[in-house]
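Engineer: If you scroll down you'll find the structure; I have some questions about it.
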Amino acid sequence: MRAVGELSETRYWMYLLLLPSLVMILLVIAYPTLYGMAISIREMRLTRPGLGGWVGFKHYAGMWSDPVFWIALKNTVVWVTAAVVLELALGLLAATALNRDLPGTKIFAVLILLPYFLPNVVAGHMWALLLDPRLGVINDLLVRAGVLQTYKAWFADPNTALAATVLVEAWHGFPFFALLLLAGLKSIPEDLYKAAAVDGAGVAAQLRLITLPMLRTVIAAAVILRVIGLVNSPDLLLILTGGGPGDATQVLSLYAFQTAYKEFNFGYASALSVVMFVILMIFAAAYIRLSRITKGEGDD
Amino acid sequence: MIESKRRRRLIANIATYFVLATLSMFCIGPMIWMFLTSLKYEADIVTQTMQYIPRRVTFDNYVAIWTQSSFPRLIANSLVVTFLTVTICVATGTLAAYAFSRFAFRGRTQLMLGYLVVRMFPAVMMIIPLYVVMRGVGLVDSRFGLALAYTSFLLPLFVWMLKGFFDSAPKELESAARIDGSTRLGAMVRIVMPLARNGLVASSVFIAIAAWNEFLFALMLTTGQGSRTWPVGLQLMVGEFQLPWGVLAAGGILSILPVIVLFAIVQRTMVQGLTAGAIKG
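Here is the structure:
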């Protein structure tokens, strides 16, 4: 112990502190990532061990003529956009209401945050039960209210499947926005609103002129984190629809996972995920740049 | 004038409560319904007319999932994997978070950015090579192997979150201890750690919940009874045995119980830690 104590006085101490986690990260992230990129330019199918060797950009070229890839790409854009917009709107609504700090708000805050911490597997099956074509309570409520004539198979109908999964995703993800936006709202000084009220600004004007501009950084950060999360994780769709019916809810991450998990075509699956990663990087860079530009204009 | 202002305030308050109540119902309604379903007889679930309040209550579904399936085994595996993941992250991540929080050194910014970029890697991009590598060293279908895989996305998260908590622990006490002759190690262990205790607990709980809930890595990296965790086991039961809804609901309730309890205990500190990073930019 004393020896370590003395060691902590040397100028290498911080590097020693970093060493264990760095070793872990190199081991479980850096090496696998590089190896994964290497797999994407190789033929690797666990079902046919005889195959092997480098194939260059064959998998990437194959994507170009793979109709499922393009469907999945389109679905990813639609699904992620719809989910983020819905989650942002619900999150803003929740954060604004919670920020008024009326008595009892704490309880509501806990209830509203809870879905975010629930496992996908449970969330998926819970909503499958709620929307079930034979015994789903939502169907029953809608029929009783006269909205629907008969029970509907939400996840089996290509026209509603994607929308139904967006609803489940929004339920699961909007608390994240509520959480971040609430923290953002709390950091806006109360005086700004008072001054605006004195100047005669109504609720809508206050929202447009104070709240949204002040929240811009938080919204930008929340959106980008959420987009990354949504693009990367196929869990919920895997549980709810498996990409079906047909390819109606097939997204890139799910397509890549199924290519690996079901067909054991590791080469193509790796190439798919590399492309996904590159698209995500381009999006993130463009998004950060864009939100900076608008910020600069706002300051002028 | 004052009368109308008061009225407007009242209306705003009513609207606020209405929004909060509706959103809360949207959030926990599905969970309540799952709980009610878990208490129903199967005949009362699959009926012509929906039973909103169960007419008779049974615990058979809970008994069934616990005694007639491999559920206890799955839960035990999940506990072990979660424990291992948290142990690895706390052991290595705490030191790194402390270094990032307290020292200026060459490469600090780049390294921290690196920890952040890692979060952008698609899960599938990690899963495939991890599977190949782990199969090579015999870590597929092992609880330790799965915990190692979880470290790949939870360790960076843990370091960032905990760094925020270290940042907000006052530095003066530490300096005082140093002046009194304490080594850096001594100051870290005796002064900073106790100060950031709540943050350490909250960060650990956060990654514990994430590891407990994780599905995709576990699906790929566990192939048998030996290491399979509950999310994978439950999902496979649904596919293989046409699990009755009541039993599935009971399994769901049992598996989210620890999450809800942990969340309720540390939610305040955890919320602080989760938001700090995003607000600071």
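For the record, the sequence lines run as chains A and B.
Going left to right, the first sequence walks through residues 0 to 299 as numbering that gives the first Met the number 0 numbers them.
Going left to right, the second sequence walks through residues 0 to 280 as numbering that gives the first Met the number 0 numbers them.
In this text, a Cβ means the ideal position worked out from N, Cα and C, and glycines have one as well.
Since this is a predicted model, take the numbers as computed values, not measurements.
1. Could you check if B/A195 is buried or exposed, using at least 16 other CB atoms within 10 Å of its CB as the buried criterion?
2. Excluding five sequence neighbours on each side, which residues of the same chain lie with their C-beta closer than 8 angstroms to the C-beta of A/K294?
3. Decide yes or no for the touch test of the stretch 169-187 of chain A against the stretch 83-100 of chain A: beta carbon pairs closer than 8 angstroms, at least 3 of them.
4. So A/A60 contacts chain B; which residues on that side make the cut at Cβ distance below 8 angstroms?
5. When you compare the CB of B/W65 with every CB in chain A, is at least one pair closer than 8 angstroms?
6. Would you list the one or two residues that DSSP bridges to A/R44?
7. Tell me which same chain residues have a C-beta within less than 7 angstroms of the C-beta of B/V265, skipping the five on either side of it?
8. Using only alpha-carbon positions, find the residue among A/M275, A/H171, A/P132, A/A270 that is nearest to A/N231.
9. Below 8 angstroms between beta carbons: does that hold for A/L129 and B/P29?
10. Kindly list the residues whose CB is nearer than 7 angstroms to the CB of B/F157, restricted to its own chain and excluding five residues on each side of it in sequence; keep chain order.
11. Should B/M239 be labelled buried (16 or more other beta-carbon atoms within 10 Å of its own) or exposed?
12. May I have a chain-ordered list of the alpha helix (DSSP H) segments no shorter than 4 residues that lie completely inside the stretch 222-272 of chain A?
13. Would A/L113 and B/C26 be called neighbours here (beta carbons separated by less than 8 angstroms)?
14. I'd like to know whether the C-beta of A/L239 is nearer than 8 angstroms to at least one C-beta of chain B.
15. Let me check understanding here. Comparing Cα to Cα, which of A/P212, A/M280, A/L289, A/N158 lies closest to A/T248?
16. Name, please, each residue of chain A whose Cβ falls closer than 7 angstroms to the Cβ of B/T91.
17. Taking A/G321 as the query, report the chain B residues whose CB atoms sit under 8 angstroms from its CB, ordered along the chain.
18. Should A/P118 and A/A155 be called a contact, given that it needs their Cβ atoms to be closer than 8 angstroms?
19. Out of A/G241, A/L89, A/G228, which has the shortest C-alpha to C-alpha gap to A/F176?
20. Here's the rule: buried if 16 or more other CB atoms are within 10 angstroms of the residue's CB, otherwise exposed. What is B/M24?
21. Which first and last residues belong to the alpha helix (DSSP H) in which A/K168 is found?
22. In chain order, which alpha helix (DSSP H) runs of at least 4 residues are fully inside the stretch 178-229 of chain B?
23. Does the beta carbon of B/W159 sit closer than 8 angstroms to a beta carbon anywhere in chain A?
24. What did DSSP end up calling A/M13 once you bin it into helix, strand or coil?
25. Hey, would you say B/I190 sits closer than 8 angstroms to B/E213, going by beta carbons?
26. According to DSSP, is A/W126 helix, strand or coil?
27. Ignore the nearest five residues each way along the sequence and tell me which others in B/G251's own chain have a CB closer than 6 angstroms to its CB.
28. What does a CB cutoff of less than 6 angstroms around B/G135 pick up in its chain, not counting 5 residues either side in sequence?
29. What residue does the alpha helix (DSSP H) around A/L91 start on, and which one ends it?
30. Decide if B/P121 is buried, meaning its Cβ has at least 16 other Cβ atoms within 10 Å, or exposed.
31. First and last residue of the alpha helix (DSSP H) that includes B/L112?
32. Under 7 angstroms Cβ-Cβ, which residues of chain B neighbour A/S301?
33. The alpha helix (DSSP H) with A/Y115 in it runs from where to where?
34. Counting only beta-carbon separations shorter than 8 angstroms, does B/M192 have a partner in chain A?
35. Verify the CB distance criterion: does B/P71 have a CB-CB separation below 8 angstroms to chain A?
36. Please go through the same chain and pick out, in chain order, the residues whose beta-carbon is closer than 7 angstroms to the beta-carbon of B/L247, but skip the five residues on each side of it.
Structural biologist: In terms of the structure at hand:
1. Position 196 of the second sequence holds residue 195 of chain B. The residue is buried, with at least 16 neighbouring Cβ atoms inside 10 Å.
2. Here the question's residue 294 of chain A lines up with position 295 in the first sequence. A caution first: A/K294 carries a pLDDT of 49, below 50, which makes its placement in the model too unreliable to give a value.
3. yes
4. As a working mapping, residue 60 of chain A is identified with position 61 in the first sequence. None at all; the shortest Cβ gap to chain B is about 19 angstroms.
5. Counted from its first residue, the second sequence places residue 65 of chain B at position 66. In terms of beta-carbon proximity, B/W65 stays away from the interface with chain A, with every pair separated by 8 angstroms or more.
6. As a working mapping, residue 44 of chain A is identified with position 45 in the first sequence. Answer is A/N264.
7. In the second sequence, the residue the question calls residue 265 of chain B occupies position 266. The answer, listed in chain order, is V200, A201, V204.
8. Translated into positions along the first sequence, residue 231 of chain A becomes position 232. That would be A/M275, whose Cα lies nearest to the Cα of A/N231.
9. One-based indexing of the first sequence puts residue 129 of chain A at position 130. One-based indexing of the second sequence puts residue 29 of chain B at position 30. Yes.
10. Within the second sequence, the letter at position 158 stands for residue 157 of chain B. The residues are C88, G92, S202, I206.
11. Looking up residue 239 of chain B in the second sequence gives position 240. The sequence given here has Glu at residue 239 of chain B, not Met. Residue environment analysis places B/E239 among the exposed positions, since fewer than 16 neighbouring C-beta atoms fall within 10 angstroms of its C-beta.
12. 234-239, 251-260
13. Residue numbering aside, residue 113 of chain A sits at position 114 when the first sequence is read from its first letter. Residue numbering aside, residue 26 of chain B sits at position 27 when the second sequence is read from its first letter. Yes, the Cβ-Cβ distance between A/L113 and B/C26 is below 8 angstroms.
14. Here residue 239 of chain A corresponds to residue number 240 of the first sequence, with the count starting at 1. Closer than 8 angstroms: no.
15. Translated into positions along the first sequence, residue 248 of chain A becomes position 249. Cα-wise, what sits closest to A/T248 is A/N158.
16. To locate residue 91 of chain B, count along the second sequence from 1; it is residue 92. Result: P19, S20, M23.
17. An answer regarding residue 321 of chain A cannot be provided, because it is not within the stretch 0 to 299 covered by chain A.
18. The count along the first sequence starts at 1 and reaches residue 118 of chain A at position 119. The count along the first sequence starts at 1 and reaches residue 155 of chain A at position 156. No, the pair does not count as a contact, with Cβ atoms beyond the cut-off.
19. Residue 176 of chain A sits at position 177 when you count from the first residue of the first sequence. The shortest C-alpha separation from A/F176 is found at A/L89.
20. Residue mapping note: residue 24 of chain B aligns to position 25 of the second sequence, counting from 1. Label assigned to B/M24: exposed.
21. Counting from 1 along the first sequence, the entry for residue 168 of chain A is found at position 169. Sequence check: residue 168 of chain A is Glu here, not Lys. Its alpha helix (DSSP H) spans residues 160-185.
22. 183-186, 196-212, 215-220
23. Counting from one through the second sequence, the residue named residue 159 of chain B turns up at place 160. Using beta-carbon distances, B/W159 does not count as an interface residue toward chain A, since no partner is under 8 angstroms.
24. Residue numbering aside, residue 13 of chain A sits at position 14 when the first sequence is read from its first letter. Of the three classes helix, strand and coil, the one that applies to A/M13 here is helix, per DSSP.
25. On the second sequence, position 191 is the one that residue 190 of chain B refers to. On the second sequence, position 214 is the one that residue 213 of chain B refers to. Contact flag unset, no.
26. On the first sequence, position 127 is the one that residue 126 of chain A refers to. It is helical.
27. Counting from one through the second sequence, the residue named residue 251 of chain B turns up at place 252. So the list reads M33, once near-sequence residues are dropped.
28. Locating residue 135 of chain B in the second sequence gives position 136, counting from the first residue. Excluding sequence neighbours, B/G135 sits near nothing in its chain.
29. Here residue 91 of chain A is taken as the residue at index 92 of the first sequence, counted from 1. That run of the alpha helix (DSSP H) goes 66-98.
30. The residue you call residue 121 of chain B lines up with position 122 of the second sequence. B/P121 should be labelled buried.
31. For the purposes of this step, residue 112 of chain B is taken as residue 113 along the second sequence, with counting starting at 1. Note, B/L112: alpha helix (DSSP H), 107-116.
32. In the structure as shown, chain A starts at 0 and stops at 299, and residue 301 of chain A therefore has no counterpart that could be examined.
33. Counting from one through the first sequence, the residue named residue 115 of chain A turns up at place 116. No alpha helix (DSSP H) contains A/Y115, which DSSP labels as neither H nor E.
34. Start at 1 with the first residue of the second sequence, and residue 192 of chain B comes out as number 193. Not an interface residue.
35. Here residue 71 of chain B corresponds to residue number 72 of the second sequence, with the count starting at 1. B/P71 does not count as touching chain A.
36. The residue you call residue 247 of chain B lines up with position 248 of the second sequence. Answer for B/L247: V237, listed in chain order.
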